[in-house]
Amino acid sequence: MLDTLVERYRWAEQDGLVALTITVVAGRTEDEVVQAFGAGRAPRRIMTFRQIGEVLALPEAGSFHPMLVVSAGSCVVTIENTGYHGSIPEIARRASANGGRFFSAYWDMHGDHQVMYAEDGCVQVVFDPADENRRPAGAVVPLPRWAEGVRPDSAAPGASSLALMERVMRVRIDRDWMVEPLSAVILPDPATMFDDPEAAWRP
Numbered sequence: 123m124l125d126t127l128v129e130r131y132r133w134a135e136q137d138g139l140v141a142l143t144i145t146v147v148a149g150r151t152e153d154e155v156v157q158a159f160g161a162g163r164a165p166r167r168i169m170t171f172r173q174i175g176e177v178l179a180l181p182e183a184g185s186f187h188p189m190l191v192v193s194a195g196s197c198v199v200t201i202e203n204t205g206y207h208g209s210i211p212e213i214a215r216r217a218s219a220n221g222g223r224f225f226s227a228y229w230d231m232h233g234d235h236q237v238m239y240a241e242d243g244c245v246q247v248v249f250d251p252a253d254e255n256r257r258p259a260g261a262v263v264p265l266p267r268w269a270e271g272v273r274p275d276s277a278a279p280g281a282s283s284l285a286l287m288e289r290v291m292r293v294r295i296d297r298d299w300m301v302e303p304l305s306a307v308i309l310p311d312p313a314t315m316f317d318d319p320e321a322a323w324r325p
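First residue of the sequence shown? That's 123 in this note's numbering, and the numbers climb one at a time after it.
Structure follows, in structure tokens:
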């Protein structure tokens, strides 16, 4: 039997979303989330997901790291086209510090998938949602019950990731966000963001 929540996000497999990171943060303002991602008070601009991809395809793009930002109820959603800031544990810790909650879904063109959940500055779990063994990589606590509540489809890992995201954060990821013009900020290169890069990637 297919999971209806996974089916809701089947578009994640159909829309050519080759590589991205989507993050939902609760308990923070947009400015606080942007700051946690390293952009500080960087000026906003309006961009679409597709425009970001077109810019990144240019040889002169270099270390250009745009991120879309949109509010969804009391939560803040960030969307990175080919970006991965939201998959970095240190950013999860910063964005969820002092009572916040953080959930990110990442996948890339090589077929790698990751979901990560953090609370109050602590990464709770990191794992591949479509791994049939369901064994969390680097988890600091056992696999939580919410991860067992969705039946991931190994043929639809992106949809499985977003289904878990909605279940945990109670935020529906809008397909239209992938085409609508949204507020965007430019993030710093992750290679230069952290005093201890190795520790930043450690859950």
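C-beta atoms are modelled at their ideal positions from N, C-alpha and C, and glycine is treated no differently.
Tell me whether residue i sits in a helix, a strand or coil according to DSSP, three-state version.
i              : result
tyrosine 131   : coil
methionine 315 : coil
glutamate 202  : strand
glutamate 302  : coil
histidine 235  : strand
isoleucine 308 : strand
alanine 321    : helix
valine 263     : Because the pLDDT of valine 263 is 49, which lies under 50, any placement of that residue in the model is unreliable, and the question is left without a value.
threonine 126  : helix
Measuring alpha carbon to alpha carbon, tell me which residue in the options is nearest residue i.
i              : options                           : result
glycine 205    : Ser283, Leu139, Arg273 and Ala134 : Leu139
alanine 252    : Arg172, Ala240 and Gly233         : Gly233
aspartate 317  : Asp125, Gly160, Ile144 and Val147 : Gly160
alanine 313    : Thr126, Ile210 and Arg172         : Ile210
threonine 145  : Arg324, Leu127, Ala321 and Ala285 : Ala285
methionine 189 : Gly195, Cys197 and Ile201         : Ile201
arginine 167   : Tyr131, His207 and Pro303         : Pro303
valine 248     : Arg324, Met169, Gly149 and Ala134 : Arg324
proline 319    : Gly162, Gln236 and His207         : His207
arginine 267   : Asn203, Ala281 and Tyr239         : Tyr239
If I follow the unbroken alpha helix (DSSP H) through residue i, where does it start and stop?
i             : result
glutamate 288 : 279-291
serine 226    : No alpha helix (DSSP H) holds serine 226; the beta strand (DSSP E) holding it covers 223-229.
alanine 141   : No alpha helix (DSSP H) holds alanine 141; DSSP gives it neither H nor E.
arginine 215  : 211-218
CB of residue i to nearest heavy atom of the ligand PLP: below 7 Å?
i             : result
aspartate 253 : Absence of the ligand PLP from the depicted structure is noted, as is the absence of any ligand whatsoever, leaving it without description.
Which residues bound the beta strand (DSSP E) around residue i?
i          : result
valine 248 : 244-249
Entirely enclosed alpha helix (DSSP H) segments - the stretch 156-200, minimum 4 residues: Taking 4 residues as the shortest admissible run, the stretch 156-200 contains the following complete alpha helix (DSSP H) segments, listed from N- to C-terminal end: 171-178.
Three CB pairs or more closer than 8 Å across the stretch 287-296 and the stretch 167-181: With a cut-off of 8 Å on Cβ pairs, the stretch 287-296 is not in contact with the stretch 167-181, counting fewer than three such pairs.
The stretch 272-279 contacting the stretch 152-172, beta-carbon criterion three pairs below 8 Å: Of all C-beta pairs linking the stretch 272-279 to the stretch 152-172, fewer than three are shorter than 8 Å, placing the two stretches out of contact.
Any 3 or more C-beta pairs closer than 8 Å across the stretch 242-256 and the stretch 199-218: Because the criterion of three Cβ pairs below 8 Å is met, the stretch 242-256 and the stretch 199-218 touch.
Three-pair Cβ contact test at 8 Å for the stretch 183-197 versus the stretch 304-311: Verdict: yes, contact present.
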